[in-house]
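Protein chains in written order, with my numbering: chain R, 14 to 188; chain W, 517 to 872.
Heads up, the beta-carbon is just placed ideally off N, CA and C, and yes, glycines get one too.
To start, the structure under review is shown below, and the notes come after it.
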């Protein structure tokens, strides 16, 4: 839900989020004033080793902890081209789902964006940060990779040894 | 299986199913106390479905009392002691206070000792022959052991030279690209922790019923080694405070103390960061700790860390209060001079710091 802001609400451009000093004030709006997130919006895909990777990115405005934020939310689906077997599909998850990959911050250089990733096997280490960057003069390609954190909780019975998102940089094409 | 004395007077019986003693068979009026030597009776035919009405004890009928299952070993047949002249029922001690669940570190199967099963974190005192709360704890109204003074426990723990050595070592490793840490075992030893998933920088703590705590690093921001197409380095920004998984691991260690193998007074979690060393203690009834999900908590956790980027104490305490809602979790900071500070939220939800 988009909250109505008073004319005194503080606007913090998203490119200044990382360098902002102190707590983000109540009533503030961390806003994409310069439209830096717009190029990321869309469906991006590629096929690699017989598997189809599809990523859907939307730009959202969310209000929580008395602060408003412009964010990118990413959903994804990975399936085998030949068999149709779905390896993972979070495209139907609602915004509140922990499995939607939620934006964390735009790099201070403004040249890439980082999201927080929680996988279905989060208890066994499927978690970390997804880095995305729109590339090419036509801005119809995007690099993506997962930097694994690998936090494990006691509920895990066998630590995961492979990740399902690409840990090496993968080039996607806008659909 | 029936026990009689030499006069044929019935003492007690047991029904055994698949090798397990499942029911005690007593006379409906009262339990007969044997006064002579043990005599195992095989007069089963006197008490089968068609009762022999001339049999003394069958005339009176038997009442079946279900023996509650204590896991492995609860079915060990009782014997009549010549010394105490009473029936003795044995229980397999297994691992961890007589509880059969996951008894890692126990004496193994088939090893039976006579002891009472204690609950609520109590341990069996072989001198007083009773269950008692371990040192540093006291029973609450429900009879479960609760830490008396977490500050006292921390102040004592940080005098342990082994603990000091491990924490000092970890302080030199907060700028690495992988975490380092140790699991603290109840015998005083420390086990080095190993990394988790491929390419991950976090550790597996693998706490069990012999674990009293853990100490590990959370890292400074570090470069992944990759660069974007503009040549700018891609930097990872770990959070220098306990993670939801750390919290869940700590709570599992606290909850395990119900088995009486480890005292909740000794339980802790430590995170060593370049902005400070923090410790968790549990100051409430461990039996009340609910199961919680790291996946659902992490969303809230990240929101608080994002809102309060330069005040991780405030972010974590608010996360504890508004999302985790387990009052017994207490946060402390161990300063470089060895002093311990308790961290809490004030009424206006700023961080209150008090000396421990």
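The contact set of residue 160 of chain R on chain W, defined by CB atoms closer than 7 Å, consists of 740, 752 in chain order.
With respect to chain W, the C-beta atom of residue 172 of chain R has a partner C-beta closer than 7 Å. The continuous beta strand (DSSP E) containing residue 798 of chain W extends over residues 792-798. Residue environment for residue 846 of chain W: buried (at least 16 other C-beta atoms within 10 angstroms of its C-beta). Just so you know, the alpha carbons of residue 663 of chain W and residue 848 of chain W end up roughly 15 Å apart.
In this structure, residue 113 of chain R sits away from residue 177 of chain R, with a CB-CB distance that is not shorter than 7 Å. When DSSP reads this structure, residue 757 of chain W sits in no beta bridge, so it has no partner. Closest in alpha carbon position to residue 99 of chain R, among R:64, R:187, R:158, is R:64.
Listed in chain order, the non-local C-beta contacts of residue 39 of chain R below 6 Å within the same chain comprise 79, local neighbours out to five positions each way being set aside. The alpha helix (DSSP H) runs lying completely inside the region 87-165 of chain R and spanning 4 residues or more number zero. One alpha carbon belongs to residue 724 of chain W, the other to residue 180 of chain R, and they sit about 31 Å apart.
The beta-carbon separation of residue 861 of chain W and residue 818 of chain W, rounded to 19 Å, does not stay under the 8 Å limit for a contact. Taken through DSSP and simplified to helix, strand or coil, residue 750 of chain W comes out as strand. Using a Cβ distance threshold of 7 Å, residue 716 of chain W and residue 163 of chain R count as a contacting pair.
By the Cβ criterion, the region 674-694 of chain W is not in contact with the region 118-132 of chain R, since fewer than three pairs of Cβ atoms, one from each stretch, lie closer than 8 Å.
In the three-state reduction of the DSSP assignment, residue 26 of chain R falls in the strand class, which pools E and B. Of all C-beta pairs linking the region 783-797 of chain W to the region 661-675 of chain W, three or more are shorter than 8 Å, placing the two stretches in contact. For residue 670 of chain W, no beta strand (DSSP E) encloses it; the enclosing alpha helix (DSSP H) starts and ends at 666-673.
Under a criterion of Cβ atoms nearer than 7 Å, no residue of chain R is adjacent to residue 531 of chain W; the nearest Cβ is some 37 Å distant.
Close CB contacts of residue 185 of chain R within its chain, under the 8 Å cut and outside five residues either way in sequence, are with 57, 58, 59, 66, 68, 154, 155, 156, 157 (chain order). In the structure shown, residue 180 of chain R falls within a coil segment according to DSSP collapsed to helix, strand and coil. At least one C-beta of chain W is nearer than 7 Å to the C-beta of residue 164 of chain R. In terms of Cβ geometry, residue 803 of chain W and residue 774 of chain W form a close pair [threshold 7 Å]. Between residue 43 of chain R and residue 82 of chain R, the gap from beta carbon to beta carbon is short of 7 Å.
One thing to note: residue 736 of chain W has its Cβ within 7 Å of the Cβ of residue 790 of chain W.
Taking 7 Å as the CB threshold, residue 77 of chain R lines the interface with chain W. Here the alpha carbon of residue 824 of chain W sits roughly 6 Å from the alpha carbon of residue 37 of chain R. The beta carbon of residue 712 of chain W sits closer than 6 Å to the beta carbons of 718, 720 from its chain, once the five residues preceding and following it are set aside; these are given in chain order.
Neighbourhood of residue 810 of chain W in chain R, by CB distance below 7 Å: 135, 136, 166, in chain order.
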